[in-house]
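FYI, the numbering for the sequence shown is 221 to 542, going by my numbering. Just so you know, even glycine gets a beta-carbon here, dropped at the ideal spot from N, CA and C.
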Amino acid sequence: MFNSQMTWKRKHLLDIYNLSKEEILAVLDTAKGFKQLGRRSIKKIPALRGKTVVNLFVEPSTRTRISFELAAQRLAADIVNFTAEASSFKKGETLKDTAKILEALSADIVIIRHRSAGAPHFLSRVVNTSLVNAGDGAHAHPTQALLDLFTMREKVGDIAGKKVTILGDILFSRVARSNIWGLLKLGAQVTLCGPPTLVPKSLESMGCKVTYNLKEAISTADFINLLRIQHERQRHSMFPSLGEYSKLFGLNKERLAWTRPNAVIMHPGPVNRGVELDSEIADSDRSVILDQVTNGLAVRMAVLFLISGGDPSKETGDKPST
Ligand code: CP
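See below:
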């Protein structure tokens, strides 16, 4: 069931930038096996039995938090959900002290989402626990990028040479940054588009193309990945109004007609319907938004499995947990 031949040596998953192409493919191949496992009547394997995983989410999440929780359960780990609002954060306890407490309670893996860029990297220097970055400020969201790559490969196989347009608020998007690194490592051609205040030309130094012409950006793309406006990270408004944004850059039926008939519409969620994407497209068969969510579970199982020292070449998946 598992095809990856590569042994994973990393203790943490903090970023995509540092991963090699081979490491990315090892996660994607391992996730393929876990997706097959998810189709069986017994979906659990005891790969992480006896391990403790903590979801340390200091910023809201639906998809990432729930899929990491399910991923840990499917691998038979014990999972604890930390809720910032109901914790001693409210009494002034620091992130470092919180992580030290989780370490003292023998957490094996801490999955962290935090509004500050670099928070997971900081913790990796102060505790011995394995860390998984579930999104840090506008910096990185590696498992979102991995599940997006997985979803693209499911559609077209090899994505080398495929054209991927990322449309929307790139400046404040950790999803965009992690996707760009992952896509470039796998050989895709990346175009960024949106209002100039949210898509600085300087992003071309990463190795992608920047355009402010929507028709040019979407008419030849194989994949169009839409991003929401991340108001929570903007200190002041970057464009006159949401209505104006939608009028200039929102994907609607008329603009969908500019795209190739088989161009795939993606969105990491949450979707602001009627702003970056019209509902009828979000819910159409051109959209893979819910496939991305489904694939997030398999990808996060693969990440937890690999950083725990799991060897995909030895995992047959035929020993269901009781
Ligand atoms: N895509 C994503 O990170 O969604 P959540 O904020 O719901 O986890």
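With a cut-off of 8 Å on Cβ pairs, the stretch 375-390 is in contact with the stretch 404-418, counting three or more such pairs. Annotation: the stretch 322-350 contains the following complete segments of the alpha helix (DSSP H) (minimum length 4 residues), in chain order: 339-346. SER281 has its Cβ nearer than 6 Å to a heavy atom of the ligand CP. Under DSSP, ARG480 forms no beta bridge with any residue. Of ASP368, THR431, ILE438, ALA324, the smallest CA-CA separation from ILE509 is found for ASP368.
Restricting attention to LEU403, ILE262, LYS271, LEU239, the CA atom closest to the CA of LYS382 is found in LEU403. For ASP503, there is no enclosing alpha helix (DSSP H), as DSSP marks it with neither H nor E.
Sequence-distant partners of GLN293 (beyond 5 residues in either direction) whose C-beta falls short of 8 Å from its own C-beta, in its chain, are LYS264, ILE299. Between ILE331 and the set MET521, ASP531, LYS534, the nearest pair of CA atoms involves MET521. Around the C-beta of GLY270, fewer than 16 other C-beta atoms lie within 10 Å, and the residue is accordingly described as exposed. Judged by their CB atoms, ALA408 and VAL384 are nearer to each other than the 7 Å cut-off. Measuring C-alpha to C-alpha distances from VAL346 to each of GLY516, ASP378, SER499, GLU323 identifies GLU323 as the nearest. Beta-bridge pairing by DSSP links GLN409 to LYS383. Contact check for LEU268 against LEU295 passes: the beta carbons are separated by less than 7 Å.
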